[in-house]
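A.B. asks:
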Amino acid sequence: MAIIFKAPDALCDVPMHYCPGCTHGIAHRLVAEAIDELEIEGKTIGISPVGCAYNNYLYFNCDMIQAAHGRAPAVATGVKRSLPESIVFTYQGDGDLAAIGTAEIVHAAARSENITVIFINNTIYGMTSGQMAPTTLLGQVTTTTPYGRDASYSGFPIKVCEMLATLEGPAYIERVSLHDIKNIKKAKAAVKKAFKVQIAGKGFSLVEILSTCPTNWGLNPVESMKRVENEMIPHYPLGVFVGADLEV
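Counting in our numbering, the sequence shown runs from 30 upward without gaps.
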């Protein structure tokens with residue numbers, strides 16, 4: 030009997046720790062499927078973040094390195110320059126990449142380091158009790174903005190794709206979402222393309238994935254998907270911000 034659907038070989042067959050409705054698991058699968066389809070598992074090295082996905086080294090069936098908070102792009106730079114034939118990716122949340130790791134991601138992009146960055150944006154600090162993140166929307170209630178984020182006090186949400194797109198270094202930047210099947214398919218294509226950009230030696234690539242955090246949003250999984258569509262996408266529009274001349 031022909032197998033038409035199975036777990037990716039690049040994803041370990043173990044239970045994940047994520048909350049019900051969290052889309053980290055979907056993002057993990059998309060990364061693993063891309064690794065399988067490109068047949069790069071044996072030379073892929075992933076860099077784990079600090080945050081909800083801190084222990085994703087338990088889930089990916091490839092070599093993984095745990096980086097200090099926000100430093101994944103710097104670690105990835107060292108790995109890629111030391112082992113240029115390897116395929117190196119970072120997997121980072123908004124607190125890791127867009128807060129403490131802002132300098133690392135900006136300079137890695139400016140240098141066009143030939144690495145792939147998977148950036149998970151759920152507009153909140155998920156692991157540490159739901160504080161405001163750099164990506165938290167105006168008016169969004171968090172544990173540190175109980176009356177909603179106020180721009181006059183906390184500033185405005187950071188749009189990472191738009192910011193990095195002003196640099197000359199990046200080869201490919203795209204923002205995608207996981208709120209429905211159609212967009213999950215688009216997200217997979219973007220992740221796969223980001224790896225292909227690295228394989229082709231084109232330089233820095235980043236895929237921002239709009240994700241859910243039902244627990245800290247105080248919503249059920251279905252409501253969380255609707256929030257991504259109705260509240261996040263209007264502020265974080267989907268699309269390609271820096272293109273790469275490659276076929277997916």
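For each residue, glycine too, the CB sits at the ideal point set by N, CA and C.
Remember, predicted model here, so these are calculated numbers, not experimental data.
Less than 8 Å between CB atoms is the rule here; does Tyr154 satisfy it with respect to chain B?
C.D. replies: Here there is only one protein chain, and chain B is not present.
A.B. asks: On the CB-based measure, 16 or more other CB atoms within 10 Å of its CB, does Arg204 come out buried or exposed?
C.D. replies: Counting Cβ neighbours within 10 Å, Arg204 comes out buried, since at least 16 surround it.
A.B. asks: Just mark Met30 as buried or exposed, buried being the case when its beta carbon has 16 or more other beta carbons within 10 Å.
C.D. replies: The residue is exposed, with fewer than 16 neighbouring Cβ atoms inside 10 Å.
A.B. asks: Buried or exposed: which applies to Thr152, given that a residue is buried once 16 or more other Cβ atoms fall within 10 Å of its Cβ?
C.D. replies: By the neighbour-count rule (16 or more Cβ atoms within 10 Å), Thr152 is buried.
A.B. asks: Between Asp65 and Ala36, what straight-line distance do the alpha-carbon atoms span, to the nearest angstrom?
C.D. replies: Those two C-alpha atoms are separated by around 10 Å.
A.B. asks: Taking only three categories from DSSP, how would you classify Arg204?
C.D. replies: Strand, per DSSP.
A.B. asks: Would you report the Cα separation of Asn259 and Leu112, rounded to the nearest angstrom?
C.D. replies: C-alpha separation (whole angstroms): 43 Å.
A.B. asks: Would you report the Cα separation of Gly130 and Gly124, rounded to the nearest angstrom?
C.D. replies: In a straight line, the C-alpha of Gly130 is about 8 Å away from that of Gly124.
A.B. asks: Let's see if you can read the secondary structure: which residues bound the alpha helix (DSSP H) around Met254?
C.D. replies: Segment 250-256, the alpha helix (DSSP H) holding Met254.
A.B. asks: Assuming contact is defined by CB atoms lying nearer than 8 Å, are Pro199 and Gly232 in contact in what I supplied?
C.D. replies: Closer than 8 Å, so yes.
A.B. asks: To which residues does DSSP link Met93 through a beta bridge?
C.D. replies: The partner list for Met93 (beta bridge, DSSP) reads Gly75.
A.B. asks: Do you know offhand how far Arg256's Cα is from Ile33's?
C.D. replies: Going by the C-alpha atoms only, they are around 32 Å apart.
A.B. asks: Check whether the region 157-177 touches the region 135-146, counting contact only when three or more Cβ pairs, one atom from each stretch, lie closer than 8 Å.
C.D. replies: Because the criterion of three Cβ pairs below 8 Å is not met, the region 157-177 and the region 135-146 do not touch.
A.B. asks: Apart from the five residues just before and just after Tyr154, which ones in its own chain have a Cβ nearer than 6 Å to its Cβ?
C.D. replies: Cβ neighbours of Tyr154 beyond the five flanking positions: Gly124, Gln160, Ala162.
A.B. asks: Among residues of its own chain, excluding the 5 on either side of Thr52, which ones have a beta-carbon nearer than 6 Å to its beta-carbon?
C.D. replies: Same-chain partners within the cutoff: Leu207, Ser240, Thr241.
A.B. asks: Nearest to Ala96 by CA position, among Tyr88, Thr106, Asn90, is which residue?
C.D. replies: Cα-wise, what sits closest to Ala96 is Thr106.
A.B. asks: Measure the CB-CB distance between Ala39 and Asn90 and report whether it falls below 8 Å.
C.D. replies: For Ala39 and Asn90, yes; Cβs fall inside 8 Å.
A.B. asks: Is Phe34 helix, strand or coil when you go by DSSP?
C.D. replies: Coil.
A.B. asks: Looking only at its chain, what residues have a beta carbon closer than 8 Å to the beta carbon of Pro250, apart from the 5 residues adjacent to it on each side?
C.D. replies: So the list reads Pro49, Gly50, Thr241, Pro243, once near-sequence residues are dropped.
A.B. asks: Reducing DSSP to helix, strand and coil, say where Glu62 ends up.
C.D. replies: Helix at Glu62.
A.B. asks: Measuring straight from C-alpha to C-alpha, what distance separates Ala219 and Leu167?
C.D. replies: Distance between the alpha carbons of Ala219 and Leu167 is about 28 Å.
A.B. asks: Assuming contact is defined by CB atoms lying nearer than 8 Å, are Phe148 and Leu267 in contact in what I supplied?
C.D. replies: Not in contact: Phe148 and Leu267 (Cβ atoms no closer than 8 Å).
A.B. asks: So what's Gly198 in DSSP terms, helix, strand or just coil?
C.D. replies: Coil at Gly198, not helix or strand.
A.B. asks: For Tyr47, which residues of its own chain have a beta-carbon under 6 Å away from its beta-carbon, when the five flanking residues on both sides are left out?
C.D. replies: Within the same chain, Tyr47 has close Cβ partners His53, Gly54.
A.B. asks: To the nearest angstrom, report how far apart Val277 and Ser181 are at their CA atoms.
C.D. replies: Unreliable placement is indicated for Val277, whose pLDDT of 44 sits below 50; no coordinate value is reported for it.
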